[in-house]
Structure formats: C-alpha cells, structure tokens
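Following: one structure in structure tokens, then a few remarks.
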Amino acid sequence: MKKAIVYVNQFFGQIGGEDQAGIEPQIHEGQIGPAMQFDKLLDAEVTHTVICGDNYIGSNTEAAIATIIGMLEDKEFDIFLAGPAFQAGRYGVACGTICKAVKEKFGVPVVTSINEENPGAEMFKKDMYILRGGNIASKMRKDVAAMVGVANKLLNGEPVGSAEEEGYFPRGIRRQVWRADLKPASERMIDMLIKKVNGQPFETELPIPKMDRVPIAAPVKDLKTARIALLTTGGIVPVDNPDRIQSASATRWGRYDISSTDALKTGEYKTIHAGFDPAAADADPNVITPVDALKVLEKEGFFGSLHPYFYSTVGTGTTQAEAQRMAQEMVPFLREDHVDACIMVAT
Amino acid sequence: MKLEIGNFYVKDIVFGELLSFSDGVLTINKEEALKFVCEDERITEADLYIAKPGDKIRMCPVKEAIEPRTRLDGRSLFPGYIGDLAQAGDGVTYALKNCSVLVVGKHWGGFQDGVIDMSGEGQKYTYFGQLNNIVLVADTNEDFEKREQQKKNDALRRAGHKLAEFIGACLKELTPEETEVYESEPMIRRGEEVEKLPSVVYVMQPQSQMEAAGYNDLVYGWDTNHMVPTVMNPNEILDGAIISGSFMPVSSKWSTYDFQNCPNIKALYKEHGKTINFLGVIMSNLNVALEEKERAALYVAQIAKTIGADAAVVAEEGYGNPDADFVGCIVALEDAGVKTVGVTNECTGRDGQSQPLVTLDEKCDAIVSCGNVSEMIELPPMETVLGELEALARDGLSGGWANDEILGSSVREDGSIIMENNSMFCGDQVCGWSPKTMKEF
Chain A
203 MKKAIVYVNQ FFGQIGGEDQ AGIEPQIHEG QIGPAMQFDK LLDAEVTHTV ICGDNYIGSN
263 TEAAIATIIG MLEDKEFDIF LAGPAFQAGR YGVACGTICK AVKEKFGVPV VTSINEENPG
323 AEMFKKDMYI LRGGNIASKM RKDVAAMVGV ANKLLNGEPV GSAEEEGYFP RGIRRQVWRA
383 DLKPASERMI DMLIKKVNGQ PFETELPIPK MDRVPIAAPV KDLKTARIAL LTTGGIVPVD
443 NPDRIQSASA TRWGRYDISS TDALKTGEYK TIHAGFDPAA ADADPNVITP VDALKVLEKE
503 GFFGSLHPYF YSTVGTGTTQ AEAQRMAQEM VPFLREDHVD ACIMVAT
Chain B
558 MKLEIGNFYV KDIVFGELLS FSDGVLTINK EEALKFVCED ERITEADLYI AKPGDKIRMC
618 PVKEAIEPRT RLDGRSLFPG YIGDLAQAGD GVTYALKNCS VLVVGKHWGG FQDGVIDMSG
678 EGQKYTYFGQ LNNIVLVADT NEDFEKREQQ KKNDALRRAG HKLAEFIGAC LKELTPEETE
738 VYESEPMIRR GEEVEKLPSV VYVMQPQSQM EAAGYNDLVY GWDTNHMVPT VMNPNEILDG
798 AIISGSFMPV SSKWSTYDFQ NCPNIKALYK EHGKTINFLG VIMSNLNVAL EEKERAALYV
858 AQIAKTIGAD AAVVAEEGYG NPDADFVGCI VALEDAGVKT VGVTNECTGR DGQSQPLVTL
918 DEKCDAIVSC GNVSEMIELP PMETVLGELE ALARDGLSGG WANDEILGSS VREDGSIIME
978 NNSMFCGDQV CGWSPKTMKE F
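Same order as they appear, the protein sequences are chains A and B.
Taking this note's numbering, the leading residue of the first sequence gets 203, the next gets one more, and so forth.
Taking this note's numbering, the leading residue of the second sequence gets 558, the next gets one more, and so forth.
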C-alpha cells in the first residue's frame, strides 16, 4: 500500500486555537484530525500527521520548513497533502509554502485545498494542485473528497483531468483535449457566434491572459560612446550549425565571434530558420544580421563600439517560455561586456 | 449561385479490372491509374495503396489530401490549376464521400509534410484516419528540392489533384445517394425574412506567406500572396476554386479536401435563413510584412462594413507569425463594429505554459480553439509504413527531429515515433472538423 503524510495547523491538529498558533512543528505517527478522513478515502495509508502553528510558520518560515523537511527525511511517502485550509489566510499560505518545499525536496506529488479568497491560492496555484476549497470548516468533507479525487489519480498514475473537471485552480498550463461529445469546432463556432451577435453571454475557449508587456527601453543617451550588440531570431549560424540550433521550436542558441570580420560571408554563414524563404539570407547573411553595415558605422564613429559576438536562435514555433530562458542566458554575456544597447533582428 | 453536390458513400475500396463505383465499393484499375499518374514525366516511381480505418498503416511524409469528384459539365475540378479557368461554385458535381486521395512521398519529406495513422492511438489525431483513402506513394525528379526543408511538392501534389479527378470520373453516369444543395442569392436580394437576421461573413486566411512561387494556396491558380482580400461566394470554395499549398507546419494546414468540404462554411449555410443571414466569404490571406498584414485587415474590415456584415468569423491557416494577421483582422473588425468570432489553434509549448498566440488583444473575446501544435505525441510501431518514416526525423518535418539529447530521434529503430502535434497531417482542423479544444490544467 502506498503511503501519505498529511500537514495540518494547530487547530485541525487538535492542539488548540489562536493561543497555540505559535507552536513549532511536530510529527505524529498515525492520523489526527482531517488525516483520519484522508486515510479512509485515499488509495494510500496516512502514516504520519505533521502539525505546525500558523503563526510559527508565518514568522519563522525558513526554520519551520527546515524542521519539517528534517522530520520527513527518514520517512517513506508517495504523496504529501496539506489542509484543507478554507479561508484561513495564514493556514492557506502555510499549506502552499510547505507543499512547495516538500515537492522540491522530495519530488513527490503534493495536493492542497484553499478558498479563492485566501491569498495562499493566488500565491501558490502555479506550483501545485490547489483544489478550490470552501470558505468555512463545515465544507471539510467535500474539500477532503475533492483533494482525494486528484490525489488518488496521482497515486495510481492516472491522468488528472482539467482544472475545470477536477476543481483545482488553473496552473497556467494549457493542453489540447478531445471533447467528450466530440462536438466539432464548426458547431462550437456557430453557438458562440449566435450568442455573441444576439448579445447573450458566451464562453470563449481562449481566455486572453493578462498581458506580459515589456516596457520600451529608454533611448541610448550617447550613441557615440555606446557599445552595441547584435541579436537575431533569424537563425543565422556558421554553415555547420555548431550549436545544433533547431530549425523550428528552438531551445538552443549560439553566439559567434565577429570581431575580426567586416561582414558575414556567403558560404560561411547561412540561415537554418524553417519559417521563411531562406534564399535571400543564404545569399547574403548580412540582410538578417547586418554585420557589414554595423562595421562601417563603427569605423565612421556613428556609434561607440560593437560587441564582438552576435547571438542567434530561431524564432519560428519557439515558445515564449523558451525564448525568455534563452534571453536570460544571453544577458550575462552582454552585461559582462558592458553592452549599452542591443539590435534585435527579427524576420 | 447554386451548387449541387451529389454524394456517393464509399464503404470499401478494391483494386480490379475496371474503374467503377457500385454498391458502395470503389474499384480502381491500379495499372491504368498509375499509368495516368506517370504521364507527368517528373514522376519517377509511383505505387497505389488502399488505407482504411482500422488498417495497421502509418503514412509519412503525407503531402496533400483531395476528395475525388467529377463535374458533370466536364469542367476541371480545380479550374486554373489542373484545368482551364472557369467559374466554380455553380452547377453539379459528384463526390466520393468518406474517401480521399492522399499523396505520400516515397522517400523525401519536408517542413510542411505530415503523419497519418489509420488505427491505434494515433488514428484520432487526423481527420483522414477515419476515411477510406487511396494512397499515391511516389517520387519525382525534382532534385533541386530533394534536400530542401521547404518543398513545393509540385509534381506530387498535382498528381494527387489529377488522380482525384481521374477516379471521380467513374461517377459520371450514376445517380447519387443524396444531393446537397448550396444556393446563395445575391446579398442585396434575399427578402425581408432573411435580411432581418444578423448578417455574417466568413473571413478565410489561407496560407500565403512564401514570397517565392509554388508554395502558397492558390485561388483559381493565382498565388494568394499576390492578392488583397476580396469577396467570394462560399460555393466557389466548396467547388475547387482554392487548393492547398505546401508551406506551414502541417497540423495547421488546410488540405484541398478541407477546402472542398469546409465545415465552417457548411455550418454557416445550415444556419442561413434560420438564425443568420450568411452573406458570403471574404477571402483574405496571411502575410509577411507588417504593412501587408495591416493592409489585409483594413480591406477585410472595409468589405465587411460595405456589405453590411453585423458579425464575422475569422479562421487562420497557420500559427506563430500568422497569429498577428489573425488577431489584427479580428481587432480591425471589432473596431469597425463587427462582432467577431475567431477559430484557431494555439502554441502553448510542450509544457503548455507559453502564451497561446504570439500576439493577443482583449478584443478577441470569442475564440474557438482547436489544439496545441506543440503537444508531444508518442506512438508505438505500426505494422505497415507507406512512404519513408525516417523522413519525420531526417527531413526537417516541423514536428520531428533527428536527434535530441534527452528524447533521441523522432523515429526509433523499432518504428515507434515521438513527435510534436505540429506534424500531424492537417491535425488541428481549424477549418471546422476539430473535436479538440484547449483546457486549463
């Protein structure tokens, strides 16, 4: 039988109310409070219950985590559950905090339940399964059952359904699914169209997420002294593509020394980008990475100096998350060389 | 315009003496059909296969799908492309239903080619997994693009269109099991009953982003890259005025079969006169330069306003860069007071955590979403492979790779495959078939 460990606060751990909220973490063999109901419903045995005061973990977060991780180090467990926390603010944050730490340290699945008004939900919803919990403790039975629904699937290696189906907060992950009714897109389009045109409420299948806009940088103060770097998502690489950058959906990038060349030569550089007609770029790689023009402008003193490398990856199909990661990997090189501004060439 | 499509439902396909259709069985004389295909001297090798739902067949690299049909007046199925220019959308055509001609490269694939499975877990990923398919597997002497990642696939695609016409000809003297009738009155003469209903246009954004000739979708043989949006009669789309191209990750593609049967158009027709007044199609395109994208959006909004559209549906054949055309077009329509619904797929990454479209706007408040191009798909080996499976890994298919530090090659020695949805042949079915949607996890 698989094993589970449950985390609860001082109140649900049956130690006491607000006056006991300062207690340090303790671990008990067997089930206390909600752990008993978990034990009945789970496809696992709840071997231990961890109890900690909400104020203690709130004010001594690092110490509380370290103590609890220490307590768990010699235990075998397949899943870690915390709560349900309802609308209790400190408890919700505690559940999220400890679940995140346990997941990172032991790599086991974690599940909790927090009410949407509880700040813990917003803080941790992207890190784990947080069921949409009730507001008060009388919803205990329902919230535990919902947590067990997800937990049992994780324990049994079954796929966990969508946020909507299972009742957890969306974790910022969008995946394709086959509709149970297989209703084709054309019919869904008609339903949405007729509702929208008649001013009735309708539900989009792609809610527009909050914009992640990067503010436009301030102008370069003095171009005459500025150090400029050249970057591209146009896939210009040395012909043998030494960094094996993919032609689409790229996860790799490269930087190539241009300190001793006046221009990118045909036959030495090419594009490996699969999202546009490569003819012009292969004939003259400078049309995408204008090393030739920049070298002339540098000599003429139009700007201060050129960073000795250009940076390249492929933009087509490349996800925003990968693009962001690659940029973060490039930035230290640019900082180290005191680059003042970058020219980012798209295609 | 009045288009009548006489339907003949294919239950089985066999090879035999005489090209014929009887009691649901399509018989093809293989030698005769191949001889016809090889009339194009560019075709160097060719063979024909039959692939039906449940068969243990995997096809790769798949390049095109066409519904076999015949026009009773002798007009070409695809005027301006494999026949003389003539008006499409009027008259009578006969069609072999639940049936398509698939074109598969014997060896070489490219960015725009894909995979179809006829059974098992992979069957559901494409529309063609459920059809009775006549599969042309062939190679050509187009050596100039043999090793190119972007292929025009001109000889093979044309062979497919011609073969569909060749096979469809067996229906000429027969009586269809049923007839679909699509009739659209002139927009300004539809009578009070229809005209009081909310008027709707369908805005199509076919793939047209290659500047070089030979890759883009064609309208009456004309490169869709070289046009500004214009009004078309929906019947023209259903009757072969437009053919699919050879560019774009293939799950986003609309095959010629998809155009011939466009479910979004049929759904709008079905509501016409009941809940909406379906005005017609605005044929737009997808562009490379920002100014071209903006110009197309401006034209679409202007036409919609000019013809009095209250609402619009916009569908894009692509993702990534074309999302800018898609979102820009919806925003232009909304700004013009036209209530708009969009149909698209998404690119949320293998982990599902990336922004779904490359550009977003709050005005896109009604979107039908048909899938994630970068979803990872792992499929067991298949008994029979038509084409060359190695192409998925070797030839730069958009959802395949030759080597990956962790995942290895897309094609494993035992014939199992791991790939992105990107290479499922017309898998996202934004033309309207898609039973897939996107959910938050």
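Glycine is no exception: its CB is placed at the ideal position from the N, C-alpha and C atoms.
The beta strand (DSSP E) runs of length 3 or more contained entirely in the segment 759-818 of chain B are, from start to end of the chain, 787-789.
Annotation: Cβ neighbours of Ser931 of chain B in chain A (cutoff 8 angstroms, chain order): Ser451, Gly519 and Thr521. For Arg852 of chain B, no beta strand (DSSP E) segment is defined; the enclosing uninterrupted segment is the alpha helix (DSSP H) at Leu847 to Thr863. Rounded to the nearest angstrom, the gap between the Cα atoms of Pro321 of chain A and Arg343 of chain A is 22 angstroms. Close partners of Gln228 of chain A in chain B (Cβ separation under 7 angstroms) are lacking, with about 35 angstroms as the shortest Cβ gap. For Cys656 of chain B, the enclosing beta strand (DSSP E) has its first and last residue at Cys656 to Gly662. Neighbours of Pro372 of chain A in chain B, taken as residues whose beta carbon is under 8 angstroms from its own, are Glu997 and Phe998 in chain order. Lys385 of chain A reaches chain B at Pro992, counting residues in chain order whose Cβ is nearer than 8 angstroms.
At a cut-off of 8 angstroms between beta-carbon atoms, Glu275 of chain A makes no contact with chain B. Taking all protein chains in view, the Cβ of Phe883 of chain B is crowded by 16 or more other Cβ atoms within 10 Å, so the residue is classified as buried. By the Cβ neighbour-count rule, Asn358 of chain A is exposed, with fewer than 16 other Cβ atoms within 10 Å of its own.
Shown in chain order are the members of the segment 386-408 of chain A whose Cβ falls below 8 angstroms from a Cβ of chain B: Pro386, Ala387, Ser388, Glu389, Arg390, Met391, Ile392, Met394, Leu395, Ile396, Lys398, Val399, Asn400, Phe404, Thr406, Glu407 and Leu408.
For the segment 924-955 of chain B, the residues whose beta carbon sits under 8 angstroms from a beta carbon of chain A are, in order, Ile924, Val925, Ser926, Cys927, Gly928, Asn929, Val930, Ser931, Glu932, Gly953 and Ser955.
Taking C-alpha positions only, Asn262 of chain A is separated from Gly224 of chain A by approximately 10 angstroms. Less than 8 angstroms divides the Cβ of Val313 of chain A from the Cβ of Val352 of chain A. Per DSSP, reduced to three states, the secondary structure at Arg457 of chain A is strand. At a cut-off of 8 angstroms between beta-carbon atoms, Arg376 of chain A makes contact with chain B.
One Cα belongs to Phe308 of chain A, the other to Glu947 of chain B, and the distance between them is close to 40 angstroms. C-alpha of Gly909 of chain B to C-alpha of Arg373 of chain A: approximately 10 angstroms in a straight line.
For Glu366 of chain A, the C-beta contacts it makes with chain B under 9 angstroms involve Lys996 and Glu997, in order along the chain. Residues of the segment 490-514 of chain A whose Cβ lies closer than 9 angstroms to any Cβ of chain B: none.
The beta carbon of Ile410 of chain A falls within 8 angstroms of a beta carbon belonging to chain B, placing the residue at that interface.
Glu793 of chain B sits buried, since 16 or more C-beta atoms from the chains shown fall within 10 Å of its C-beta.
Contact check for Gln766 of chain B and Val845 of chain B: beta-carbon distance about 5 angstroms, within the 8 angstroms limit, so the pair qualifies.
Residue-level contact by beta carbon fails for Asp815 of chain B and chain A, as no gap is shorter than 8 angstroms. Contact between Ile975 of chain B and Leu964 of chain B holds: CB atoms are separated by about 6 angstroms, below the 8 angstroms threshold.
When the Cα atoms are used, Ser803 of chain B and Glu306 of chain A turn out to be separated by approximately 46 angstroms. With contacts defined by Cβ atoms closer than 8 angstroms, Ile570 of chain B and Ile691 of chain B form a contacting pair. By alpha-carbon distance to Ala726 of chain B, the top candidate from B:Pro625, B:Ala716, B:Val776 and B:Tyr826 is B:Pro625. DSSP places Gln378 of chain A outside any alpha helix (DSSP H); the residue lies instead in the beta strand (DSSP E), whose first and last residues are Arg376 to Trp380. Within the segment 658-685 of chain B, the residues whose Cβ lies closer than 8 angstroms to some Cβ of chain A are Phe668 and Lys681, listed in chain order. Between Phe326 of chain A and Ile207 of chain A, the gap from beta carbon to beta carbon reaches 8 angstroms or more. For Gln530 of chain A, no Cβ of chain B is located within less than 8 angstroms of the residue's own Cβ. By the CB criterion at 8 angstroms, Ser756 of chain B and Asn834 of chain B fall inside the cutoff. Under the 10 Å beta carbon count, Ile745 of chain B is surrounded by fewer than 16 other beta carbons and is classified as exposed. For Leu356 of chain A, the uninterrupted alpha helix (DSSP H) segment begins and ends at Met342 to Leu357.
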